[in-house]
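Engineer: From first to last, the protein sequence lines are chains V and X.
Residue 505 in the numbering used here sits at position 505 of the first sequence; the count goes up by one each step and never skips.
Residue 89 in the numbering used here sits at position 89 of the second sequence; the count goes up by one each step and never skips.
2 protein chains.
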Amino acid sequence: MTDHTPTVTTGPLPASRRVWHRGAVHPDIRVPMREIDLHPTAGEPPVTVYDSSGPYTDPEAEIAIDKGLPRLRAGWIAARGDTEAYDGRHVTPADNGFADGARLTPEFPVRHRPLRATGGRAATQMAYARAGIVTPEMEFVAIRENLGRQAAKEAPARDGEAFGAEIPDLITPEFVRDEVARGRAIIPANINHPEAEPMAIGRNFLVKINANIGNSAVTSSMAEEVEKMVWATRWGADTVMDLSTGRNIHNIRDWILRNSPVPIGTVPLYQALEKVGGIAEDLSWEVFRDTLVEQAEQGVDYFTIHAGVRLHMIPLTVGRVTGIVSRGGSIMAKWCLHHHRESFLYEHFDEICDIARAYDVSFSLGDGLRPGSIADANDAAQFAELETLGELTQIAWAKDCQVMIEGPGHVPMHKIKANMDKQLEVCGEAPFYTLGPLTTDIAPGYDHITSGIGAAMIGWFGTAMLCYVTPKEHLGLPDRNDVKTGVITYKIAAHAADLAKGHPAARARDDALSRARFEFRWEDQFNLALDPDTARSMHDETLPKEAHKVAHFCSMCGPKFCSMRISHDIRAEAQKEGMAKMAEKFREGGTLYVPMEDAR
Amino acid sequence: MTDHTPTVTTGPLPASRRVWHRGAVHPDIRVPMREIDLHPTAGEPPVTVYDSSGPYTDPEAEIAIDKGLPRLRAGWIAARGDTEAYDGRHVTPADNGFADGARLTPEFPVRHRPLRATGGRAATQMAYARAGIVTPEMEFVAIRENLGRQAAKEAPARDGEAFGAEIPDLITPEFVRDEVARGRAIIPANINHPEAEPMAIGRNFLVKINANIGNSAVTSSMAEEVEKMVWATRWGADTVMDLSTGRNIHNIRDWILRNSPVPIGTVPLYQALEKVGGIAEDLSWEVFRDTLVEQAEQGVDYFTIHAGVRLHMIPLTVGRVTGIVSRGGSIMAKWCLHHHRESFLYEHFDEICDIARAYDVSFSLGDGLRPGSIADANDAAQFAELETLGELTQIAWAKDCQVMIEGPGHVPMHKIKANMDKQLEVCGEAPFYTLGPLTTDIAPGYDHITSGIGAAMIGWFGTAMLCYVTPKEHLGLPDRNDVKTGVITYKIAAHAADLAKGHPAARARDDALSRARFEFRWEDQFNLALDPDTARSMHDETLPKEAHKVAHFCSMCGPKFCSMRISHDIRAEAQKEGMAKMAEKFREGGTLYVPMEDAR
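(1) Is any beta-carbon of chain X found at less than 8 Å from that of A15 (chain V)?
(2) Alpha helix (DSSP H) containing V411 (chain X): first to last residue?
(3) Under a three-way DSSP split, which group does C467 (chain V) fall into?
(4) Can you find at least 3 beta carbon pairs, one from the region 189-202 of chain V and one from the region 297-309 of chain V, that sit closer than 8 Å?
(5) Would A129 (chain X) count as contacting chain V if we go by Cβ distances under 8 Å?
(6) What are the residues of the region 327-354 of chain X that lie near chain V, defined by any Cβ-Cβ distance shorter than 9 Å?
(7) Where do the ends of the beta strand (DSSP E) carrying F432 (chain V) lie?
(8) Do T470 (chain V) and T450 (chain V) have their beta-carbon atoms positioned less than 8 Å apart in this structure?
(9) Which runs of the beta strand (DSSP E), 3 residues or longer, sit entirely within the region 237-312 of chain V?
(10) Relative to the alpha-carbon of C427 (chain V), which residue among V:T434, V:G452, V:L386, V:P412 has its alpha-carbon at the smallest distance?
(11) For the alpha helix (DSSP H) containing N527 (chain V), list its first residue and its last residue.
(12) Could you give the DSSP three-state label for L543 (chain X): helix, strand or coil?
(13) Can you look up T41 (chain V) in the DSSP assignment and give me helix, strand or coil?
(14) Do you know offhand how far R357 (chain V)'s Cα is from L104 (chain V)'s?
(15) What are the boundary residues of the alpha helix (DSSP H) that includes R517 (chain V)?
(16) Starting from L424 (chain V), trace the alpha helix (DSSP H) both ways and give me its first and last residue.
(17) I'd like the span of the beta strand (DSSP E) that includes A85 (chain V), first residue to last.
(18) Against chain V, with Cβ distances strictly below 8 Å, would P444 (chain X) count as a contact?
(19) Would you decide whether Q575 (chain V) is buried or exposed? Buried here means 16 or more other CB atoms lie within 10 Å of its CB.
(20) Measure the C-alpha to C-alpha separation of E523 (chain V) and R258 (chain V) and round it to an integer number of angstroms.
(21) Could you check if Y433 (chain X) is buried or exposed, using at least 16 other CB atoms within 10 Å of its CB as the buried criterion?
(22) Comparing the C-beta of A529 (chain V) with each C-beta of chain X, is any distance below 8 Å?
(23) Kindly indicate which residue of V:A42, V:M33, V:A64 has the alpha-carbon position closest to the one of V49 (chain V).
(24) Where does N548 (chain V) fall in DSSP's three states?
(25) Is there a Cβ of chain V sitting closer than 8 Å to that of W460 (chain X), yes or no?
(26) Do you know offhand how far L475 (chain V)'s Cα is from G246 (chain V)'s?
(27) Any beta carbon from chain X within less than 8 Å of V403 (chain V)'s own beta carbon?
(28) With a threshold of 8 Å between beta-carbons, can E35 (chain V) be considered close to chain X, or not?
(29) Just to check, is the beta-carbon of F349 (chain X) closer than 7 Å to a non-hydrogen atom of the ligand NAD?
(30) Of all the CB atoms in chain V, is at least one closer than 8 Å to the CB of F586 (chain X)?
(31) Cα-Cα, which of X:G459, X:P444, X:E227, X:F205 is closest to N215 (chain X)?
(32) If contacts are defined as beta-carbon pairs under 8 Å, then A151 (chain V) and V176 (chain V) qualify, I think. What distance do you get, rounded to the angstrom?
(33) Evaluate the contact criterion for the region 505-516 of chain V versus the region 253-270 of chain V: three or more CB pairs, one atom per stretch, below 8 Å.
(34) List the residues of chain V whose Cβ lies closer than 8 Å to the Cβ of Q525 (chain X), in chain order.
(35) Which of helix, strand or coil does DSSP assign to T9 (chain V)?
(36) Measure the alpha-carbon distance for M332 (chain X) versus L369 (chain X) and round it to whole angstroms.
Here it is, written out as structure tokens:
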């Protein structure tokens, strides 16, 4: 196996430790967080931040990619007593695109028998929530969302505009249960992916981000994809979508799932299309159904299903500047046109729900008709599909299936809020999961930025998860560096949204970093940054010496022009003169400042 | 001179030509634009875009850095007959920080006698505008803003939310005159910088961006700074601020001005502080006044003046997390505290206006108390200063001086619009010129992105010019690559703002690029991009062959999964079946699609 076993990036981030918080309802759960230590001169406790990186950043953890991660949730799932192990579907050569010999990615070395719900039950977090059960997953999520904060006697100061979101001062397990029961949040957690650490996607939780990985027919390999997954979670990806479309899809996915600490999403249609040789018209419910079971047994946590693309909507796309830009959407549209009938996804959505509920695969109802250009934003095709996604949401909820709704795309700033408002209105507050949106079409090579603007805004308005866009969007398959740039950009967007919504825990990290900045604690500034390595290396480009890490200036302004340094002088002088008191006296202009001694 | 003469980047951008549009009021003016040629298969005329790059992108132009650019406006200025040439201030060793020998940057080889207005006149665009005169500068700006569009019989379709901005269908010279007369726009155009191509900064014009360059005491040289200026304008900087603080400030600025096709801004306080050995308390009105004259004679187009920092406001900053983060603001605060009096900038603002009006130096009234962290956003100190800037605006306007107002800073998304609204309210609609704002503090190394989000939003709300932030912000002095990244990021923000405001010319480039994307015209996609080089190189990383430039797919999805390719099939099929007509028939769900043949 040695030659095939990929190596991945491990080790803690600078000055960081992985720590655990114990459950109360479920005392056996251990919820990971990251603590960032500050310099002793700060006189501050470590800063606790959300940690999506899994065991890879824990120096104590033994990482063996060919064994997979510990099966964290296996006991919780078994304890519910509503599932059974079975032999599972037989893997066929078609599942890997008939790759063979040296071109075949080896099977993952360990095989676990898949689980499914017994007796037609729904083994879903939504079913448990509706039954009033607080699962370990729900308590895990509650603890995780609080970032180590404890209940305080006084409510934390709130500062934000939440547009109807109702983030509580502290997240309780019961709150999580209620949100999941109402369909306002999901916990994507396939019972066959017990390695994943539970997380929630919902408007009343921290805004999450997704990173897409996946090979294509043109490029990339299993080792690269596993490392991209680990790399993406290291920098903060909350979920990862494997959008592979080439050969070896099945086996690559297994390697990814067995090693992923975050939920994995897929678009099963891509693999189904491979199975029929890439001919959209040859797709059938049978092939698709088979693919759903295959992936559900492997442990995929959420499926993008493009069941909202209906026959009568297709003509609405004909006058568009960029037609249909969703891969899944275009495949289904072609199928519908060719067969002159509604898609098998739409017609069999009920049966799709039956599969999903047996494994707790969440739905990400795909926006197959999302706009691919500023010109096509918010058009009739897009909104017609969104209404259908709202109808499908009700069907899924009736089956206790967890649902989120995918959104655009390319949307100029003034049309972004209408997307959020309409989604809330027609989809019963199911979580919104948007791709960007890109706010202009004219910057290929920088679409992480064109879309980061839109993502921050729509996250503020209420989108629960932001699907990242990398610099390579529209141009090529992202490599490792692109993945990191995309993730960091989207962590910025998500965090900016949390701040603007007034999330009570969000500003702690900003304030800690700003204090470090003001006090010239350079190391703390680097360590508190979303990307400590880049912050440090940029600083060191001009001031590389260790002595500069305690310097009370940087190369931007040099020592004489450092406003922060001068501010300290001002503060010292002000304190000497009791100026803090005077701040209250001399507000808003008018009275000239009179020095204390003269005032006497 | 050879060893000192810097080389700069020249040559056209891909598929681009510099073209000129003639004036009508002033038939001798030639307004440059860039035309981007499309592939013949597009069947479309070239796309015309704004061109800030000056002669450097014109292969016909002879570029000689030691001679300087042609003095475009010299004749226009002379024709007005209200200025005189005079000997000018004597350059002293202190002007260059007493650099000598090999450490002294040589003087610019050509010396022009400076001009100033005669008889206490105001030689400002505002004075002319108020007198009803449409100057060549105003017509130049009008033509430039229209991006080659001609008056159409029908009003162009408008789509946007302008928040009170009133961008006309087509900009006329008279409209420019009126906006300048009302103080709602400025044309920064010092009579001693005739090399610059006139441009306007105002809420009813295209959103502009500024790039900061400048050496510091720690690093950088003249050759680097001149190249950074040329490089910044190549990628779209509309103005450049020279924020140098080290030695050789005077001579470096001369090299920059004589070669700059865009207005140059400075913070005269920085040089004044150098002249007093970096001791803030030793600053005086005399030293500052001398510096203003020095820089006005050289041709600086706008001065940042931190006259809004008043003594009674300083105590309001004492409780801040990051104190005062404006260099100018902190210097003046320190001076005020030390001397226990209002600053010489505030007390002598009237005299400062007298200097500015003699040369047409515009004011950028500095926000010395802008917030340096999310925690300090929109606080009492910040808004108290903004109100003072409004008072100073009235003083400047009474002297026919052009004014814009600087804005923050670090501001979370939900507090951005309040900045714009308050600025409009208290500053009489003088153009707002903001630094970002940064929407979170936690991403040093990526502050072009944290701030690009805020810049796009505040640009949409009405900010007239966005001051860029580079990835090096808070960490070090930007190099050439950082300058480019900052400029492209801010071109994205400005353009996203233009789109959202509904600027009638903005979407043409997006639509042209989107059509190119849909039609697999890869070369056109690259050429229409803000950064063609990066777009092309990212594409070529995975598909380098020339044949791939006509491929109907890219490496993201490969040929089978290309939604755009499938969309073409759908469109072909739809057209065959007359589906465009059916689009009208089958709207919004309900009726199932019935194929044409069955319907008969």
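Glycine is no exception: its CB is placed at the ideal position from the N, C-alpha and C atoms.
Structural biologist: Taking the definition as stated:
(1) Numbered from 1 along the first sequence, position 15 holds the residue referred to as residue 15 (chain V). Taking Cβ atoms only, chain X never reaches closer than 8 Å to A15 (chain V), which makes this a no.
(2) Taking the first residue of the second sequence as 1, we reach residue 411 (chain X) at position 411. From DSSP, V411 (chain X) is part of no alpha helix (DSSP H); its letter is neither H nor E.
(3) Here residue 467 (chain V) refers to the residue found at position 467 of the first sequence. Three-state result, C467 (chain V): strand.
(4) The region 189-202 of chain V is in contact with the region 297-309 of chain V.
(5) Numbered from its first residue, the second sequence carries residue 129 (chain X) at position 129. A129 (chain X) does not count as touching chain V.
(6) Residues of the region 327-354 of chain X with a Cβ closer than 9 Å to any Cβ of chain V, in chain order: R327, G328, G329, S330, I331, A333, K334, C336, L337, H338, H340, R341, E342.
(7) Counting from one through the first sequence, the residue named residue 432 (chain V) turns up at place 432. That run of the beta strand (DSSP E) goes 432-435.
(8) Taking the first residue of the first sequence as position 1, residue 450 (chain V) is located at position 450. Taking the first residue of the first sequence as position 1, residue 470 (chain V) is located at position 470. No.
(9) Whole beta strand (DSSP E) segments, 3+ residues: 239-242, 264-266, 302-305.
(10) Working through the first sequence from its first residue, we reach residue 427 (chain V) at position 427. For the residues V:T434, V:G452, V:L386, V:P412, the minimum Cα distance to C427 (chain V) belongs to V:L386.
(11) Numbered from 1 along the first sequence, position 527 holds the residue referred to as residue 527 (chain V). Membership of N527 (chain V) in the alpha helix (DSSP H) is indicated by the continuous run 522-528.
(12) Position 543 of the second sequence, counted from the start, is the residue given in the question as residue 543 (chain X). DSSP places L543 (chain X) outside both helix and strand once states are collapsed to three, so it counts as coil.
(13) Numbered from its first residue, the first sequence carries residue 41 (chain V) at position 41. Helix, per DSSP.
(14) Walking along the first sequence from the start, residue 357 (chain V) turns up at place 357. Walking along the first sequence from the start, residue 104 (chain V) turns up at place 104. The alpha-carbon atoms of R357 (chain V) and L104 (chain V) are separated by roughly 32 Å.
(15) Residue numbering aside, residue 517 (chain V) sits at position 517 when the first sequence is read from its first letter. Where R517 (chain V) is concerned, the enclosing alpha helix (DSSP H) stretches over 507-518.
(16) Taking the first residue of the first sequence as 1, we reach residue 424 (chain V) at position 424. Bounds of the alpha helix (DSSP H) holding L424 (chain V) are 416-426.
(17) Within the first sequence, residue 85 (chain V) is the residue found at index 85, counting from 1. Start and end: 83-85.
(18) Position 444 of the second sequence, counted from the start, is the residue given in the question as residue 444 (chain X). By the rule that beta-carbons nearer than 8 Å mark a contact, P444 (chain X) touches chain V.
(19) For the purposes of this step, residue 575 (chain V) is taken as the residue at position 575 of the first sequence. With fewer than 16 other Cβ atoms within 10 Å, it is exposed.
(20) The sequence position of residue 523 (chain V) within the first sequence is 523, counting from 1. The sequence position of residue 258 (chain V) within the first sequence is 258, counting from 1. Here the alpha carbon of E523 (chain V) sits roughly 36 Å from the alpha carbon of R258 (chain V).
(21) Position 433 of the second sequence, counted from the first residue, corresponds to residue 433 (chain X). Looking at its Cβ environment, which holds 16 or more other Cβ atoms inside 10 Å, Y433 (chain X) is buried.
(22) Locating residue 529 (chain V) in the first sequence gives position 529, where the first residue counts as 1. So, interface residue.
(23) Walking along the first sequence from the start, residue 49 (chain V) turns up at place 49. The residue among V:A42, V:M33, V:A64 with its C-alpha nearest the C-alpha of V49 (chain V) is V:M33.
(24) Here residue 548 (chain V) corresponds to residue number 548 of the first sequence, with the count starting at 1. The sequence shown places His at residue 548 (chain V), not Asn. Note: H548 (chain V) maps to helix in three-state DSSP.
(25) Working through the second sequence from its first residue, we reach residue 460 (chain X) at position 460. By this cut-off, W460 (chain X) is an interface position.
(26) Numbered from 1 along the first sequence, position 475 holds the residue referred to as residue 475 (chain V). Numbered from 1 along the first sequence, position 246 holds the residue referred to as residue 246 (chain V). Distance between the alpha carbons of L475 (chain V) and G246 (chain V) is about 18 Å.
(27) Counting from 1 along the first sequence, the entry for residue 403 (chain V) is found at position 403. No, V403 (chain V) does not count as interfacial toward chain X.
(28) By one-based count along the first sequence, residue 35 (chain V) stands at place 35. E35 (chain V) does not count as touching chain X.
(29) With respect to the ligand NAD, the structure offers nothing, as it holds no ligand at all.
(30) As a first step, residue 586 (chain X) must be located in the second sequence, where it is residue number 586. Residue confidence for F586 (chain X) is low, a pLDDT of 44 falling below 50, so the modelled location carries little weight; the figure read from the coordinates is stated next. When Cβ-Cβ separations below 8 Å define contact, F586 (chain X) makes contact with chain V.
(31) Working through the second sequence from its first residue, we reach residue 215 (chain X) at position 215. Distance from the Cα of N215 (chain X) is smallest, within the candidate group X:G459, X:P444, X:E227, X:F205, for X:E227.
(32) Stepping through the first sequence from its first residue, residue 151 (chain V) is reached at position 151. Stepping through the first sequence from its first residue, residue 176 (chain V) is reached at position 176. With a beta-carbon spacing of about 15 Å, A151 (chain V) and V176 (chain V) fall beyond the 8 Å limit used to define contacts.
(33) Cβ pair count under 8 Å is below three, so no.
(34) Translated into the one-based positions of the second sequence, residue 525 (chain X) becomes position 525. Result: P444, H474.
(35) By one-based count along the first sequence, residue 9 (chain V) stands at place 9. In the structure shown, T9 (chain V) adopts coil according to DSSP, grouped into three states.
(36) Indexing the second sequence from 1 puts residue 332 (chain X) at position 332. Indexing the second sequence from 1 puts residue 369 (chain X) at position 369. C-alpha separation (whole angstroms): 10 Å.
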